[in-house]
Every structure is written in C-alpha cells, then in structure tokens.
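For the sequence shown, full-length UniProt numbering begins at 1 and goes up steadily by one. In this text, a Cβ means the ideal position worked out from N, Cα and C, and glycines have one as well.
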Amino acid sequence: MLDIIDLKFLAPEVLRNWLTKESKRLIIVDVRDDDFQTGHIRDCFHILSHEFDSYLPQLQQTLLAKDYSDIIFHCALSQVRGPKATLKYLRALNSLREDESRQLDQINVWVLEGGYQAWHRLYGNDNKVTVRF
C-alpha cells in the first residue's frame with residue numbers, strides 16, 4: 001500500500017514553468033478550506049478537504065476523462081491535507097490500474113512543495129498564475 005514516503009513533490013518554480021507551456025496537460029487540485037478565498041493558483045480545481053472523500057469518485061472520473069499527464073495537489077503548506085488527498089487519489093488510481101485499458105502509468109501525481117504559502121511567496125503578485133481577492 002502507498003504511504004507518505006511514496007509521494008513525489010514538485011517545486012513551485014517547476015509548476016510555474018509548466019503553467020507557461022500550453023502543451024503541458026496538467027491540473028492543480030487545491031484542497032484548502034476557507035483560506036481558498038484569500039487567493040489561489042489560476043484555473044485550479046477546488047475541493048474542500050473535509051469533502052474530499054465524497055468527491056473522490058467524481059474527481060477521478062473528471063481527471064481521467066481529460067487525459068491529464070500531471071495532477072498536482074496542494075493545501076496551505078502541503079504538510080497534511082494536500083499529501084493526504086494525494087495518497088487517497090493515488091490509492092484510488094492504483095485500484096483502477098487493473099480495470100483500465102488506458103495507460104495510467106503515464107499519469108504523474110504530485111504534491112506542491114510548500115503548498116500555497118510557498119507559491120504565494122513566489123508568485124502571489126503574478127496575475128498570470130495567481131488569483132487574489
């Protein structure tokens with residue numbers, strides 16, 4: 001079974017670079033709660049952390065249907081909620097590997113290193129990649 005040690009972390013600088021490349025097929029999943037309203041990464045998919053379990057099947061279908069190559073999860077610091085959601089998603093994805101004909105091994109699942117706080121420190125004023133309220 002997958003554990004926290006199996007997670008891959010993505011530096012904010014790498015994600016910022018990816019966001020400037022239109023050819024990159026990626027989605028960012030923000031699992032923060034009320035703090036989402038203070039700002040977020042542009043075009044992210046938001047799910048409240050306490051509702052993640054109930055949205056997991058829908059999220060899984062949505063993400064697989066869109067053929068993303070990279071899925072990045074995060075919370076405020078990417079220490080609890082983000083990694084926990086990532087593990088749940090990976091475990092659900094692994095259960096599909098036996099049933100799906102699609103190459104699920106080509107999907108990279110990441111946790112944003114340092115979470116939204118690290119992102120905000122670097123790119124909080126960059127309107128191309130960050131939405132602020």
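If you draw a straight line from the alpha carbon of residue 52 to that of residue 86, how long is it in whole angstroms?
One C-alpha to the other measures close to 10 angstroms.
Per DSSP, what are the beta-bridge partners of residue 109 in this structure?
According to DSSP, which records beta bridges pairwise, residue 109 is partnered with 71.
Hey, could you find the ends of the alpha helix (DSSP H) residue 59 is sitting in?
It spans 52-65 - the alpha helix (DSSP H) in which residue 59 sits, taken as one unbroken run.
Are the Cβ atoms of residue 111 and residue 9 separated by less than 9 angstroms?
For residue 111 and residue 9, yes; Cβs fall inside 9 angstroms.
With 16 as the cutoff for other CB atoms within 10 Å, does residue 91 come out buried or exposed?
Residue 91 comes out exposed.
Quick one: what's residue 131 bridged to in DSSP?
According to DSSP, residue 131 bridges with 40.
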